[in-house]
Structures are given as structure tokens and as C-alpha cells.
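Colleague:
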Amino acid sequence: MNHPTEEQLILYHYGEVEGRDRIASHLQGCESCRTSYQALQRVLEAVNSMPVPQRTVSYGAEVWRQLRPQIAQATAPRRLDF
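Here you go:
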């Protein structure tokens, strides 16, 4: 098996990865990946322990205010140079 990616290790942590047994076996035999996974576990556990802030009433409006310029820029007609 190739070394699992960081994304695969995150999914492994949450029990959502395909081939979980394969990754578990790899982690048992690969010290480098096991060390990386242990560091990743510490980060994910710290993040998961933080409270999620409550959304304000204006949350949706604020999201759209920030997205509008990006949407306008992405949909603006482009000039073709020949």
C-alpha cells in the first residue's frame, strides 16, 4: 500500500474512510505514517473540543455579502485577445 494521504488519515480518524483495515495495517507497520497520524489526531481532538459559535441572525446576509464580489468576478465577461 502507498502511504495514506492526510485526507485519508482524517477520514480514518472519523471512521469514514474506504479501506479502513488496509490503513490500520499500514499504520501498524509504518512508523512515519503512525507518527504523522498521531500528530494529526492531537490536532483534530483539539479542534473537536472547541465550541462551535452560534450563528447570528445576520449570518446568511453576511455570507452573501462576502460572496457577491467573487461571484461577479467569476461571471464577468472576458475579453478575448486574438
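Its first residue numbered 0, the sequence shown is counted upward by one per residue in the working numbering. Even glycine gets a Cβ: it sits at the ideal position worked out from N, Cα and C.
1) Grab the span of the alpha helix (DSSP H) containing Ser57 for me, first residue to last.
2) Considering just the uninterrupted stretch of the alpha helix (DSSP H) at Arg77, what are its terminal residues?
3) Assign Ser48 to one of three DSSP states: helix, strand, or coil.
4) Pull up the distance between the alpha-carbon of Gln40 and that of Pro52, whole angstroms please.
5) Helix, strand or coil for His2 per DSSP?
6) Can you tell me whether Gln7 is buried or exposed? The criterion is at least 16 other CB atoms within 10 Å of its CB, across all chains shown.
7) How many Å lie between Arg19 and Tyr11 at the Cα?
Modeller: Result, derived from the coordinates:
1) Taken as a continuous stretch (DSSP letters only), Ser57 belongs to no alpha helix (DSSP H), as it is neither H nor E.
2) Run containing Arg77: none; DSSP gives neither H nor E here.
3) coil
4) 22 Å
5) coil
6) buried
7) Rounded to the nearest whole angstrom, the CA to CA distance from Arg19 to Tyr11 is 6 Å.
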